[in-house]
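Numbering (the working numbering), first residue to last: 6 to 145.
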């Protein structure tokens, strides 16, 4: 599954909430042997000019929960060129743009099936980690 973030997001109900939710999902999946080896989480930055790999690593460690050493085995943080990120974001229907030193953006979280098809896209921040874990169990 994947979501979009940027590490300097000042909106507590946006990127910090998505990252907290992913942390909770990761913690839950670690207790499920059938899921922990088959599920990957991906947070993609929409701020590649600032969110370099070292910044993303530090950000990821802040949300690592109880197992900081293994956080990146299941949960990765990605950047790319502005063009690459824009293409992926547009595929999932996410719009974002810089404005007054911030990045204005919506929210998209997607569950991707093992065969690469998009299983479900969540718009906004209304979803709960338990709902995602339940959906992950339905993927065949």
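Yeah, the Cβ is synthetic: ideal placement off N, Cα and C, and Gly gets one too.
Quick check on the burial criterion: 16 or more other C-beta atoms within 10 angstroms. Buried or exposed for residue i?
| i | result |
| --- | --- |
| residue 67 | exposed |
| residue 43 | exposed |
| residue 123 | exposed |
| residue 86 | exposed |
| residue 28 | buried |
| residue 54 | exposed |
When you compare the CB of residue i with every CB in chain D, is at least one pair closer than 9 Å?
| i | result |
| --- | --- |
| residue 56 | In the displayed structure, chain D is absent; only one protein chain is listed. |
Determine, using beta carbons only, whether residue i and residue j come nearer to each other than 9 Å.
| i | j | result |
| --- | --- | --- |
| residue 130 | residue 18 | yes |
| residue 105 | residue 26 | no |
| residue 127 | residue 9 | no |
| residue 46 | residue 16 | no |
| residue 107 | residue 37 | no |
| residue 141 | residue 35 | no |
With distances taken Cα to Cα, identify the nearest neighbour of residue i among the options.
| i | options | result |
| --- | --- | --- |
| residue 113 | 106, 120, 104 and 95 | 95 |
| residue 92 | 50, 13 and 23 | 50 |
| residue 139 | 63, 64, 30 and 13 | 30 |
| residue 48 | 125, 144, 115 and 121 | 115 |
Give the straight-line distance between the Cα atoms of residue i and residue j, rounded to the nearest whole angstrom.
| i | j | result |
| --- | --- | --- |
| residue 81 | residue 90 | 15 Å |
| residue 39 | residue 109 | 38 Å |
| residue 84 | residue 61 | 8 Å |
| residue 72 | residue 32 | 9 Å |
| residue 75 | residue 58 | 17 Å |
| residue 23 | residue 11 | 10 Å |
| residue 63 | residue 120 | 31 Å |
| residue 137 | residue 111 | 19 Å |
Mind checking who residue i pairs with in its DSSP beta bridge?
| i | result |
| --- | --- |
| residue 107 | 104 |
| residue 80 | 46 |
| residue 125 | 116 |
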